[in-house]
Each structure stands twice: as structure tokens, then as C-alpha cells.
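Step one of this worksheet: look at the structure below.
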Amino acid sequence: MALQIYNVLNREKVPFEPMHEGKVNMYVCGPTVYDHAHIGHAKTYLSFDIVVRYLRYSGYDVLYVQNLTDVGHLLDSGEDRILKKARQAEAGPMQIVETYARSYFEDMDALGVTRPDISPRASAHVPEQIKMIETLLEKGNAYVSDDGNVYFDVRSFDGYGKLSNRRLEDQEAGSRGDVRSDKRNPEDFALWKIAEPEHILRWDSPWGVGYPGWHIECSAMSQKYLGDTFDIHGGGVDNIFPHNECEIAQSEAANGVDFARYWMLVGTLLVPDEFGVPVKMSKSLGNFYTLKDALKMHRPEVLRTFIITSHYRNPIVFSEDSLDSAHKGWERIYSAVRLVRETMRHAPEGEAGNAFLATLDKTRQDFVTAMDDDFNAPGGMAALHELTREVNILLNSEQTVSKSVLAAIDNIYRELGGDVLGIVPDDNAAAGAANAEREAGLIRLLIDLRAQARAAKDFAKSDQIRDELTALGVTLEDRPDGTVWRTN
RNA sequence: GGCGACGUAGCCAAGUGGUAAGGCAGAGGUCUGCAAAACCUUCACCGUGGGUUCGAUUCCCACCGUCGCCUCCA
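Using numbering that gives the first Met the number 0, you'd call the opening residue of the first sequence number 0 and step up by one each time.
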């Protein structure tokens, strides 16, 4: 069965058929860069990282666009969040944007998240946004208010609500009616706002000096880089309304054709509150763990494993227990990989153990079957765990395994666990490889000395070596054919 | 109140109309100088109550519970 995707647009799993064979155009709503990223962001962007990695693994040529919001995202008070941060930090707004954009990429790089092909910024695409607003005005889907602001006229677009299943008549009319507004209808949303004097993020426009509304950037930038209609639009479910809904309205009204063909929305990351009740991790609630802090305590592969453990559409609850569990599960896979690589150093040439190649084929098949089913990464992980059991049985048996078979095993771990899931490190390519090689040599020297002590039944000496290495973070494991080591 | 999602073993978590992957933890065992790791065995009547069906955990309805969105958040 070919790739199936759960399309939020129709709430059903359907075969994925890109517009242009072999090519996928994909847009994901990016972060507003006014603070450091937290684990909730990691869940969303890591989920789409795996989507992109798997699509590429499957042979698609993917063009991946993810924006950075750096203007127009207002607080309840009406203040722009970036301007507020800038005021607090006594810095210029673009300084703030630059700082946190870099921070975001640093964290994502550290997590092994593949960079988007294009990371357009809202502030750099104001002309495109103005142009789209002009089109909407021409087509009668937008209007200029008495105060000079431009709003999208939601009632002019029939499809409004089709993604989130909301109907205008169901919304509590007047719930926001108390707020003095120059909108025709409360559900209309801003395309362009006239700037107050203190609002220094401002641009000239046909409607006066101002700034764009929050939603229009995604419509304008996706159109610019991916066209009027593109294949996949992603984001967090928490943005389904109003943001995603507004994007659809603007783009389809302006362009007259379908916007995104497949909508993929990622479940929310929750964290227990003081009573143990899970609530959304968010900047505004202040209950977030930054990725920088998380990365100090856990390897990126472990954070990835934690997130991959559940399906992308489901919510997950963040806890140290779950992370520990993920850590141990990951360690199990990585131990087997290390054992394979270590064994390979002394393995004979030839074809011994060739029968195991069938297991590799089955693993790949199981993995692909799982991932083809709406990117079921937990299923992919299960395939790797089953492989790991087989590998451990093989390498703990008396059977001779040739170098080529071991290389094939290592290769499938690299391919599925490394290239696609990003949880199996590539020890060879690491920076500082020279130091690592020297360290490995020293450890092997100590292992040899310990082996001599053990042969002489000098267990005091052999245990001393093992204990002191343990204290340094190096664990030894004795096996019938020698001792292997790992760092913690 | 409206919209959406979810409720599977001690914990995390896939999945299927014909009695349920995987991981963590636990118990017993094999192996080991000891250990570690690994392997083997063991551990679930799938929220509650109805309905459809030869048969439902899987479909439908109701109820209970949890979360998300409806205002800024991935």
C-alpha cells in the first residue's frame, strides 16, 4: 500500500497523490520569534521533520517552506509581542527577531531537525502581503473600515469554517461585541492595521502607514514559494482556528483555487500542572521547558525518541519519567548498533550469516508499512526494536557473521533509524573524530590490561579498572568474545 | 454552550470486525569470577451502558472522564 495521509480537511485517511508526480510542495506554520523555543515546538517541528525525511526517503523531491513570524502577532492588549519584548530588552525589534530566530535554528539543528529549504520572514514580504490584500479588496472579500484598517469580510467567503468545522451561526455572536470595533462583523479579521505612533514596526501601504495582520503572511508567502495550490500544509492543531481557517479564506478568495490539498496537524504537547492535570505547554502560561534546558539534560536522540513514541496527531504529556523510559528504549537500540559496529572491526570477510539478510528485508518492509500509514513512527520504532532483538540473538550466538552482513545491519540502522527517524547517530562522521579515535584507543588499552588481570584471576585489579572507568562515564560489558564499552 | 480529538496492561504507546505491536517497570530463569548487557518465560477481558453483527476493543448511539480550539500561543 502506498503512502496514506490523514487529511484534516475531510477527517479521513486518504492515499497521498501529489499535484506533480514525484514532487511535494509543503508549507508549515513556523514560530513567532520573540522567545526561545520549548519542547512543544519541538514536537511540531520534529514531527514534520520526520514527514520530510520520510517523503525524501520514499523518493519524493520535497520543497519545504516554513515561515518565521516576526511582525503582526498581537497580544490581547493590542501590543505587538515582538515590540513588547524589544521594549523589555531595550533592544530594536529586528534585534529581537534576529536573536530568537538564531536561537530557534540552533535548537532545531541540535535536535537534528532538517532545516526548511526556505524560511521566509513576514517582515521581508510586506509587498507580497499588500498585493494580496489589494486583490481581496478588488474581489470584494475585504473592506476598509472607518478607522482605515483593512478587514477580511468573512461572510463573503462560503468556505469559511470548512477546516475546523465551525459555522458562523454557531459562534456566539456578540461575545466580542462589547469590544468597540470598526469591523462589520465580529468574526472579520485584520489584513492591515493602521499603526499607532508607538508602533515602530510599520510600512507604507495604499491604506496608510501600518502593518499586516497575522494571518496574511502565510497566505502570501506560501503562494510566492509554492504557488496558488500546493500539496501539504502543516502546523499545530491549536492553530486550526482561527489561523489556518483564515489562511484558507484569504488564499482561496484571492486566488480562486484550492489552497492546500492535504492538511496535517500535530497534536499538542501537554505538561502536568500543579495538580497533575495535563495542560498545554505554552509561552503564555509560563509552564514551558526550553529546548536549551532539555538538551542540557538529554541527548537529542532521546528527545526525538520521546516524541516519536506517540503518533504525531496525538497529544503527549511531557514528564521526566516518560523521558527516562524513552532514554532506556533508545539505549537498547543504540547498544545493538554499537555492538554491530564493534563486531565489524574484527569480522571475517565472506558470506557467513547471509541468512540474516531476510530479517533485514522484513524490517524494512515493516518499517515502510508503518510509515506509509500516515507516518506511523511508533510503528517504525517497533520494527527497529524487533530487529534489535534479532540482532542481539545473532551476535550472542556462536554463529560467525561476516563483515558484509554486519555492514548490511549497520546500514539499515543508518537508513531507517538514522536518515528517517534521526535517532541513530553516525559515529564516523562526528566532529572531533580524531580525539574520539584516540579516546577509543586508550579505552581499548585499559580493556586489554583488565583482560590480562582477569586471566590471572586478579579480580581486584580488573574490578578497579572497570569501576574507575564507570566513574568516568565509560561502561564495560564482558562478552564471550571480549569486552565492549560505551559512554553514558 | 459550540467545534475537534482522545480514554488500550503499573507507566508510555501502536493497532485490528474474528479474542491486542513495541518500549519502560515488575516476577522467574539462562549466561557471568562478580557485574552489566543480552536472551527465554511471564504480565490486558481495550472508560461505562446500550445497539448493529454469526462475532466488536475495532462500526453506531448515549453517558462519564480528559485535553485542545472558540482570545495570543507549534
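Using N, Cα and C, we set each Cβ at its ideal position, and we do this for glycine too.
For the alpha helix (DSSP H) holding residue i, just list the boundary residues, first then last.
i    : result
P211 : That residue, P211, is in no alpha helix (DSSP H); its beta strand (DSSP E) goes G209 to P211.
I464 : F458 to A470
F104 : P92 to L110
N410 : K402 to I411
F305 : P299 to I307
Q491 : Absent from the structure is residue 491, since the part of the chain shown begins at 0 and ends at 487.
A248 : E244 to N254
V390 : A376 to L394
M18  : Counting along the chain, M18 falls outside any alpha helix (DSSP H), and DSSP gives it neither H nor E.
L501 : What is shown of the chain runs 0 to 487, which leaves residue 501 out entirely.
A293 : L290 to M296
Using 10 angstroms around the beta-carbon of residue i, count the other beta-carbons present and answer buried if the total reaches 16, otherwise exposed.
i    : result
R154 : exposed
S489 : Past the edges of the chain, shown from 0 to 487, lies residue 489, and the structure says nothing about it.
Q398 : exposed
R437 : exposed
G173 : Its pLDDT being 40, under 50, G173 is placed unreliably in this model, and the value from its coordinates should be taken loosely. Label assigned to G173: exposed.
G496 : The chain is shown only over 0 to 487; residue 496 falls outside these bounds and no answer can be derived.
G176 : Unreliable placement is indicated for G176, whose pLDDT of 41 sits below 50; the coordinate value is still reported in the next sentence. G176 is exposed by the Cβ-count criterion.
P196 : exposed
M296 : exposed
G349 : exposed
K22  : exposed
R449 : buried
R183 : exposed
I81  : buried
N441 : Note on residue identity: the sequence assigns Leu, not Asn, to residue 441. By the neighbour-count rule (16 or more Cβ atoms within 10 Å), L441 is not buried but exposed.
P347 : exposed
G275 : exposed
H384 : exposed
V336 : buried
R166 : exposed
R52  : buried
N243 : buried
N24  : buried
S250 : buried
H345 : exposed
Along the chain, where does the beta strand (DSSP E) that runs through residue i open and close?
i    : result
D60  : D60 to Q65
D34  : Segment: none, D34 is in no beta strand (DSSP E) and carries neither H nor E.
K22  : K22 to V27
H124 : Counting along the chain, H124 falls outside any beta strand (DSSP E), and DSSP gives it neither H nor E.
P347 : Segment: none, P347 is in no beta strand (DSSP E) and carries neither H nor E.
V265 : A259 to V265
L190 : F188 to I193
Could you check how far apart the C-beta atoms of residue i and residue j are, in whole angstroms? I think they sit under 8 angstroms.
i    : j    : result
F47  : V27  : 5 angstroms
D181 : D146 : 4 angstroms
G111 : G472 : At roughly 22 angstroms, the Cβ-Cβ gap does not stay under 8 angstroms, so G111 and G472 are not in contact.
G417 : D425 : 6 angstroms
M280 : I38  : 6 angstroms
V64  : P119 : 7 angstroms
K42  : V316 : Their Cβ separation, rounded to whole angstroms, is 11 angstroms, which puts K42 and V316 out of contact at 8 angstroms.
N140 : K192 : That belief does not hold up - the Cβ atoms of N140 and K192 are roughly 17 angstroms apart, past 8 angstroms.
L190 : L135 : 7 angstroms
I446 : T482 : 5 angstroms
V404 : G352 : 4 angstroms
M263 : I4   : 7 angstroms
D69  : V50  : Their Cβ separation, rounded to whole angstroms, is 25 angstroms, which puts D69 and V50 out of contact at 8 angstroms.
C217 : N66  : 6 angstroms
H35  : T289 : 5 angstroms
E127 : A219 : 4 angstroms
Per the DSSP calculation, residue i is bridged to which residue(s)?
i    : result
R485 : T474
V143 : V149
P271 : P277
V6   : It is Asn, not Val, that sits at residue 6 in the sequence shown. N6 pairs with E11.
F229 : A259
D425 : D425 pairs with nothing; no bridge assigned.
V316 : L269
R120 : L67
G235 : V265
W202 : G209
For a test of your reading of the model: does the CB of residue i fall under 7 angstroms from any non-hydrogen atom of the ligand ATP? Yes or no.
i    : result
W206 : With respect to small molecules bound, the structure shown includes none, and the ligand ATP cannot be examined in it.
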